[in-house]
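According to my numbering, the residues represented by the sequence shown are 16 to 236, in order.
Note that CB positions come from ideal geometry on N, CA and C, so glycine has one too.
Shown next, in structure tokens, is the structure this report addresses.
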Amino acid sequence: MGLAIFDLDNTLLAGDSDYLWGQFLVEQGAVNSEDYERTNQAFYRQYQEGTLNIYEFLAFQLALLEQHSLRQLENWRSQYLEEKIRPIILPQAQELLASHRSQGHRLLIITATNRFITGPIAEILGVDDLIATEPEIRGGRYTGQVSGVPSYREGKVTRLKAWLKEQALTLGTSWFYSDSHNDIPLLEQVTHPIAVDPDEMLNAHARTNGWTVISLREKTS
């Protein structure tokens, strides 16, 4: 059985769910709009440049989870999914997922974005297995802290290896689809690394190493 692994943001989605969650919170008046938007944009630029300190970003992003009840957060999330996420699910991404399913491959989404945001997105996409950054919960409330290793850059490799051990699986026949140079450490682990609408750094790396480069955004005739 093959294992097909997918990044989420800007791979299966035509946008970044982390960044869009921040935009949504600004629109809802849940945060100070000017300060939050400026900081959110700065972290997103750092991510694109490969200079992001994931723990600094998570301290910023997960703080809001601590400040509100789970009921309020879930109400916001439901609205966010309808307004921000469903419109950016790529039809060709859904077709790609369906193609791997039809071949009997196990599907896994691995993302740096936290599980509170991405758990329901994986459900919408029909993918049961998800590795995401885990926000800590105590006494039924989020603490604003991260639990365990964030699934970012080399952390994705660490988390995937732990998951494979738990599932008694290997990367014998495996695919990983990603848009970002931040995922090169994991792309190098699989038998079929595939760059999807890649950023400039990943595009150059993929072509130098003979990796497959595809688009899930270009219209097909």
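Beta-bridge partners of residue i, as assigned by DSSP
i    : result
H207 : W190
F21  : I124, Y192
D144 : L123
E149 : S162
I104 : L28
Reduced DSSP secondary structure (H/G/I, E/B, other) of residue i
i    : result
E71  : helix
E215 : helix
P165 : coil
V228 : strand
S32  : helix
E97  : helix
L184 : coil
Q43  : helix
H83  : coil
Q118 : coil
E233 : coil
Beta strand (DSSP E) segment containing residue i, residue limits
i    : result
V161 : 156-162
L122 : 121-129
Assumed close pair residue i, residue j - CB separation to whole angstroms, cut-off 8 angstroms
i    : j    : result
L175 : H196 : Going by Cβ atoms, the distance from L175 to H196 rounds to 18 angstroms, so no, they are not a contact pair.
T133 : S32  : 6 angstroms
R21  : Y167 : Residue identity differs from the one stated: residue 21 is Phe in this sequence, not Arg. With a Cβ gap of about 16 angstroms, F21 and Y167 do not count as contacting.
L81  : Y157 : Note that residue 81 is Glu in the sequence shown, not Leu. Their Cβ separation, rounded to whole angstroms, is 5 angstroms, which keeps E81 and Y157 in contact under 8 angstroms.
P208 : V172 : Not confirmed; about 13 angstroms, so no contact.
Q38  : W91  : The pair is not a contact, with the Cβ atoms about 12 angstroms apart (cut-off 8 angstroms).
From the options, residue whose alpha carbon lies closest to that of residue i
i    : options                : result
L122 : I229, A19, T227, V228  : A19
P102 : N68, A183, G30, D143   : G30
E97  : R222, Q118, I139       : I139
L145 : W178, Q204, I152, G65  : W178
E215 : E49, D50, E64, Y51     : E64
D212 : G17, M16, L28          : L28
R130 : W36, G17, Q87          : W36
A78  : Q61, L40, Q107         : L40
L112 : Y95, P135, D143, N90   : D143
G17  : S162, W190, Y34, L202  : W190
N68  : Q118, I136, G170       : G170
G154 : A137, L105, L85        : L85
L187 : E49, H120, Y34         : For the sequence presented, residue 187 should be read as Gly rather than Leu. Comparing Cα-Cα distances from G187 to each of E49, H120, Y34, the minimum goes to H120.
Y34  : S93, N224, T128, S48   : T128
E233 : P106, S114, V205, I125 : P106
Cβ of residue i within 8 angstroms of any chain C Cβ
i    : result
H196 : The chain inventory of the structure shown lacks chain C, comprising one protein chain alone.
Host alpha helix (DSSP H) of residue i (start-end)
i   : result
E52 : 48-64
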